[in-house]
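A quick write-up on the structure given underneath.
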Amino acid sequence: MRTVLIPLFDGVQSLDVTGPLEVFSHARDRRSEEAYRLRTASLGGVQVRTTSGLAIAPDGDLRDQGQADPPDLLVVPGGEGARRRDPDLVAWIRDNAPRAKRVASVCTGAFLLAEAGLLDGRRATTHWSWCDALRDQYPAVQVDPDPIFIKDGRVATSAGITAGIDLALAFVEDDLGRDAALTVARALVVFLRRPGNQAQFSAQLSAQMAERAPLRDVQQWIAEHPAGDLSVEALAGKASLSPRHFARAFVAEVGLPPGRYVERTRLEAARRHLEDTAEGIEQTARACGYRTTEAMRRAFIDALGVSPAEYRRRFRPMPKEHHADRHRVV
244 MRTVLIPLFD GVQSLDVTGP LEVFSHARDR RSEEAYRLRT ASLGGVQVRT TSGLAIAPDG
304 DLRDQGQADP PDLLVVPGGE GARRRDPDLV AWIRDNAPRA KRVASVCTGA FLLAEAGLLD
364 GRRATTHWSW CDALRDQYPA VQVDPDPIFI KDGRVATSAG ITAGIDLALA FVEDDLGRDA
424 ALTVARALVV FLRRPGNQAQ FSAQLSAQMA ERAPLRDVQQ WIAEHPAGDL SVEALAGKAS
484 LSPRHFARAF VAEVGLPPGR YVERTRLEAA RRHLEDTAEG IEQTARACGY RTTEAMRRAF
544 IDALGVSPAE YRRRFRPMPK EHHADRHRVV
């Protein structure tokens with residue numbers, strides 16, 4: 244049985260703690276037995292209060308945990324308390340994290356890992372609103388604000404709050420296989436399909452919504468018609484603006500050139516298509532506005548690091564009848 248230890252402290256974000264705990268507590272091995280032994284601990288073993296006001300009583304004292312067998316996985320949560328970086332807590336992490344087989348942070352827990360020197364020379368992420376601060380305060384860390392989680396060797400970091408659930412599911416899949424992780428995801432009614440290098444935001448959320456109604460209408464049109472004519476000229480016509488004026492206004496209000504916004508939206512549509520339908524790669528490319536399957540393949544490789552076929556293999560749940568066929572004796 245693998246051991247998971249989560250340090251607690253005043254000002255911790257409650258979902259950073261309970262999200263991974265729920266994932267690991269639902270995980271079962273091939274004998275349908277609990278796969279993880281879960282522990283929480285604080286300095287002195289004292290009760291802590293989360294950012295939402297919830298009080299949590301830990302299982303014990305962190306200092307005692309440090310003397311016991313090291314955990315298989317140390318999960319450091321975030322929250323206001325993580326950004327305060329208590330020197331005693333940082334010292335405990337610095338002394339004990341190297342003994343754990345794997346170390347992970349949720350949200351701004353990355354600041355505690357960085358302060359302890361565990362992220363030096365590594366790629367890391369955190370909540371999008373704190374990425375600049377992490378980069379500025381710890382220049383030795385290679386901060387990437389886009390992915391929902393990053394695994395760099397034995398150290399993993401994740402983005403804001405619910406991304407800790409995605410990372411925990413990824414650990415379950417690594418340890419127990421995809422079927423076990425999918426069972427947990429179904430029990431918690433969450434998606435298993437979010438890959439670590441998926442952007443923290445959808446195309447619409449990562450960009451600004453335009454202030455003027457005609458441009459907002461164009462953004463909605465793009466999302467609803469990825470296979471349509473989304474050239475600057477066509478979109479400008481829908482906004483009743485000249486192409487030059489439209490392009491300038493779109494960049495000013497949305498923060499991206501129209502072409503780049505269209506690329507992101509088509510990629511997002513293609514991802515959803517591969518996840519939610521059984522249509523082939525060629526049909527998906529056509530439905531999402533790509534002229535050729537190769538054009539869609541290049542877009543996936545550039546943005547996600549995998550081909551469309553590999554993306555579907557990893558992140559689309561296997562149909563039940565196909566799953567049954569795999570185990571049928573013939």
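In my numbering, the protein residues as written are 244 to 573.
Quick reminder that beta carbons are idealized off the backbone N, C-alpha and C, glycines included.
| Query | Result |
| --- | --- |
| Secondary structure of Ile404, DSSP reduced to three states | coil |
| For Gly396, the three-state DSSP class (helix, strand or coil) | coil |
| Nearest neighbour of Phe392, chosen from Val384, Thr405, Tyr381 and Ala383 [CA to CA] | Thr405 |
| Cutoff 7 Å; reference Thr351; Cβ partners in own chain excluding five residues on either side | Gly321, Gly322, Ala325, Arg326, Thr369, His370 and Trp373 |
| Three-way DSSP call (helix, strand, coil) for Leu473 in this model | coil |
| Cα-Cα separation between His468 and Asp259, rounded to whole angstroms | 37 Å |
| Pair within 8 Å by beta-carbon distance, Pro551 and Thr527 | yes |
| Residue of His269, Ala546 and Gln308 minimising C-alpha distance to Asp389 | Ala546 |
| Ala347: first and last residue of the uninterrupted alpha helix (DSSP H) it sits in | It is not in any alpha helix (DSSP H) - Ala347 instead sits in the beta strand (DSSP E) that spans Arg345 to Ser348. |
| Assigned secondary structure, Tyr279 (DSSP; H/G/I helix, E/B strand, else coil) | strand |
| N-terminal and C-terminal residue of the beta strand (DSSP E) that Val319 is part of | Leu316 to Val319 |
| Identity of the residue in Arg515, Asp375 and Ser295 nearest Gln256 by Cα | Ser295 |
| Helix, strand or coil at Thr369 according to DSSP, with G and I counted as helix | coil |
| Contact between the stretch 373-382 and the stretch 297-310 (3+ Cβ pairs under 8 Å) | no |
| Endpoints, the alpha helix (DSSP H) within which Arg200 is located | Absent from the structure is residue 200, since the part of the chain shown begins at 244 and ends at 573. |
| For Pro500, the first and last residue of its enclosing beta strand (DSSP E) | Where Pro500 is concerned, there is no enclosing beta strand (DSSP E), given that its DSSP letter is neither H nor E. |
| Close Cβ partners of Gln443 (< 6 Å) along its chain, the five nearest in sequence each way excluded | The pLDDT assigned to Gln443 is 47, lower than 50, so where the model puts this residue is not dependable, and the model offers no usable value. |
| Inter-residue spacing [alpha-carbon to alpha-carbon] between Gly254 and Val291 | 8 Å |
| Inter-residue Cα distance where the pair is Lys344 and Glu416 | 16 Å |
| Straight-line Cα distance separating Leu473 from Ile465 | 7 Å |
| Lys481 versus Ala456: straight-line alpha-carbon distance, rounded | 11 Å |
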